[in-house]
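Asker:
Numbering (the UniProt record's numbering), first residue to last: 1 to 418.
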């Protein structure tokens with residue numbers, strides 16, 4: 001029997017050092033999915049990999065989560081597989097996998113509740129699956145359910161209102177000073193590529209920023225992220241020389257000396273300084289410079305706390321929508337063997353009719369014969385199809401088995417079952 005399954009390692013089960021070891025580039029994700037398909041372990045696969053999670057969703061009739069997990073660990077050249085194994089979560093039933101997927105996709109399992117980026121990441125992952133032609137019926141139905149659920153949550157609740165993460169809120173705050181259409185022309189410097197700086201760097205593209213420069217005390221870390229995001233980086237010891245060249249400066253680094261007003265130079269146009277450090281890394285007096293606005297983390301937190309309160313209040317509504325969509329998916333699953341059996345039974349009856357026409361040397365090409373054949377097929381299939389659709393649960397399974405036995409119709413592994 002075919003089922004939608006999942007293996008996952010995420011911030012809920014593993015710290016950053018463990019998660020980083022299993023992060024996959026787009027090229028690696030593609031190679032891994034193709035490998036799973038080539039070895040006939042799965043009918044379809046989709047890899048979702050972010051800084052917070054690496055997950056493999058797949059349809060299979062015979063592979064176990066342990067097998068897929070072992071393949072992933074070997075693919076990433078992990079030697080201590082036992083240590084990693086305990087940090088994985090497995091889902092083996094289609095409905096429970098779908099329910100988890102919806103929770104993740106809606107941001108209920110994100111570090112920042114309601115994270116908006118995760119749905120974009122799912123769309124990108126699904127696109128890669130489709131581009132590689134490694135999708136499958138169950139995966140397709142699950143992702144269509146996800147996208148429909150996302151639309152419902154957006155339209156029917158306040159869960160998506162505002163920005164709940166400080167990084168996302170910081171970029172949204174910039175809309176108070178610039179129009180979005182101008183973002184592509186604004187030069188941005190992000191100081192510090194820890195979790196906060198990395199998140200902001202990843203968000204910038206969705207806001208339309210293109211002229212991004214990264215710097216970090218550990219230069220290799222900034223260089224790696226810059227290469228991944230196709231943006232510029234400068235060595236930490238040199239960034240002060242360029243500080244006056246930027247329209248937006250985002251400081252996510254603490255523990256050092258505060259940046260002083262004179263280090264920013266003179267701005268000839270509007271400039272925004274975002275200080276997201278604790279303790280503050282930009283001297284408050286910098287906000288008094290001409291054409292300069294300083295926004296600190298407390299000002300952003302007041303916004304995000306209000307958004308979080310709204311989202312918390314809407315969680316029950318989101319969970320109710322997820323439950324409804326999971327139930328609908330379950331109904332779709334139960335209907336798949338019925339649809340397949342009706343199709344097979346119709347083919348069986350069609351073969352019988354064609355055989356009899358040939359035996360009696362009646363041409364099947366005339367309009368009258370075609371019409372009569374179609375009418376006969378419709379009448380023959382109507383009663384068994386109606387009986388199948390009217391039953392549920394064990395009664396339906398027994399009726400399906402009886403039809404397959406009576407008419408010698410083989411059950412196929414590809415047919416999804418409950």
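By construction, the Cβ of each residue, glycine as well, lies at the ideal position given by its N, Cα and C atoms.
Leaving out five residues before and five after residue 8 in sequence, what residues of the same chain have Cβ atoms less than 6 Å from its Cβ?
Answerer: Result list for residue 8: 55, 89, in chain order.
Asker: Indicate whether residue 273 and residue 166 have their beta-carbon atoms separated by less than 8 Å.
Answerer: Not in contact: residue 273 and residue 166 (Cβ atoms no closer than 8 Å).
Asker: What does the Cβ neighbour count give for residue 66, buried or exposed, with the cut at 16 atoms within 10 Å?
Answerer: Looking at its Cβ environment, which holds fewer than 16 other Cβ atoms inside 10 Å, residue 66 is exposed.
Asker: If I measure Cβ to Cβ from residue 98 and keep anything under 7 Å in the same chain, skipping five residues before and after, which residues do I get?
Answerer: Only 4, 142, 145, 326, 329 meet the Cβ criterion.
Asker: Between the Cα of residue 117 and the Cα atoms of 388, 93, 375, 50, which residue gives the shortest distance?
Answerer: The candidate whose alpha carbon is nearest that of residue 117 is 50.
Asker: Using 8 Å as the cut-off, can you tell me whether the stretch 10-23 makes contact with the stretch 78-92, which would need three or more C-beta pairs spanning the two stretches below that distance?
Answerer: Yes, the stretch 10-23 touches the stretch 78-92.
Asker: Going by DSSP, which residues form a beta bridge with residue 89?
Answerer: DSSP, once it has assigned bridges, lists 8 as partnering residue 89.
Asker: In this structure, how does DSSP classify residue 61 when only helix, strand and coil are distinguished?
Answerer: Three-state result, residue 61: coil.
Asker: Going by the DSSP bridge assignment, what does residue 188 pair with across the sheet?
Answerer: In the DSSP output, where bridge partners are listed per residue, residue 188 has 212, 248.
Asker: When you compare only the Cα positions, how much space is there between residue 416 and residue 339?
Answerer: Its pLDDT being 41, under 50, residue 416 is placed unreliably by the model, and the measurement read from it follows with that caveat. Approximately 11 Å between the Cα atoms of the pair.
Asker: Would residue 247 and residue 186 qualify as a contact pair, given that the criterion is a beta-carbon distance under 8 Å?
Answerer: Result yes, Cβ atoms of residue 247 and residue 186 sit closer than 8 Å.
Asker: Using a Cβ-Cβ cut-off of 7 Å (strictly less than) and excluding sequence neighbours within five positions of residue 128, which residues of its own chain qualify?
Answerer: Closer than 7 Å at Cβ, skipping near neighbours: 26, 29, 30.
Asker: Residues in the same chain with beta-carbon distance under 7 Å from residue 121, minus the five sequence neighbours each way, listed in chain order, please.
Answerer: Cβ within range, chain order: 48, 50.
Asker: For residue 215, which residues from the same chain have a beta carbon less than 6 Å from its beta carbon, with the 5 sequence-adjacent residues on both sides left out?
Answerer: So the qualifying residues of the chain are 191, 222, 234, 236, 239.
Asker: To the nearest angstrom, how far is the alpha carbon of residue 396 from that of residue 370?
Answerer: In a straight line, the C-alpha of residue 396 is about 32 Å away from that of residue 370.
Asker: Give the DSSP-derived three-state secondary structure of residue 282 in the structure shown.
Answerer: Note: residue 282 maps to strand in three-state DSSP.
Asker: Quick test of the definition: if touching needs 3 or more C-beta pairs under 8 Å, does the stretch 257-265 touch the stretch 287-298?
Answerer: Yes, they touch.
Asker: Taking the beta carbon of residue 333 as the centre, do at least 16 other beta carbons fall within 10 Å, making it buried, or is it exposed?
Answerer: Buried: at least 16 other Cβ atoms inside 10 Å.
Asker: Let me check one thing: in DSSP terms, what residues is residue 273 bridge-paired to?
Answerer: DSSP output for residue 273 lists 249, 294 as bridge partner(s).
Asker: Grab me the residues of residue 403's own chain with a C-beta within less than 8 Å of its C-beta, minus the 5 sequence neighbours each way, in chain order.
Answerer: Once the five neighbours on either side are set aside, the close Cβ partners of residue 403 are 341, 345, 384, 388, 409.
Asker: Drop a sphere of 10 angstroms on the beta-carbon of residue 406, count the other beta-carbons inside from all chains shown, and report buried for 16 or more, exposed for fewer.
Answerer: Exposed, by the Cβ-count rule.
Asker: My output table needs one value for residue 217: the three-state DSSP class, helix, strand or coil.
Answerer: Coil.
Asker: Taking contact to mean at least 3 C-beta pairs separated by less than 8 Å, is the stretch 103-115 in contact with the stretch 308-315?
Answerer: With a cut-off of 8 Å, the stretch 308-315 and the stretch 103-115 count as touching, because enough Cβ pairs lie within range.
Asker: Rounded to whole angstroms, what's the CA-CA distance from residue 109 to residue 11? Just pull it up for me.
Answerer: Near 9 Å, if we compare the C-alpha coordinates of residue 11 and residue 109.
Asker: Near residue 75, what residues of its chain come up, given a Cβ to Cβ distance below 6 Å and the 5 sequence neighbours on each side ignored?
Answerer: Only 32 meet the Cβ criterion.
Asker: Could you tell me which of 315, 335, 336 sits nearest to residue 102, measuring between CA atoms?
Answerer: That would be 315, whose Cα lies nearest to the Cα of residue 102.
Asker: Do residue 42 and residue 70 have their C-beta atoms closer together than 8 Å?
Answerer: Going by C-beta atoms, residue 42 is not nearer than 8 Å to residue 70.
Asker: Look at the alpha carbon of residue 322 and the alpha carbon of residue 107, and state the distance between them as a whole number of angstroms.
Answerer: Rounded to whole angstroms, residue 322 to residue 107 spans 12 Å at the Cα level.
Asker: Looking only at DSSP bridge pairs, what is residue 287 linked to?
Answerer: The partner list for residue 287 (beta bridge, DSSP) is empty, contrary to what the question assumes.
Asker: Please go through the same chain and pick out, in chain order, the residues whose beta-carbon is closer than 7 Å to the beta-carbon of residue 14, but skip the five residues on each side of it.
Answerer: Here the set comprises 87.
Asker: Under DSSP, the alpha helix (DSSP H) around residue 373 begins and ends at which residues?
Answerer: Here the alpha helix (DSSP H) through residue 373 covers 367-390.
Asker: So is residue 1 buried or exposed if we call it buried at 16+ other beta carbons inside 10 Å?
Answerer: Flag for residue 1 reads exposed.
Asker: In chain order, what residues of the same chain lie with their CB nearer than 8 Å to the CB of residue 201, ignoring the 5 residues before and after it?
Answerer: These residues qualify, in order along the chain: 190, 193, 212, 214, 225, 229, 231.
Asker: Excluding the five sequence neighbours on either side, which residues of its own chain have a C-beta within less than 7 Å of the C-beta of residue 134, listed in chain order?
Answerer: Result list for residue 134: 33, 34, 37, 44, 45, in chain order.
Asker: Is the Cβ-Cβ distance between residue 278 and residue 159 less than 8 Å?
Answerer: No, the pair does not count as a contact, with Cβ atoms beyond the cut-off.
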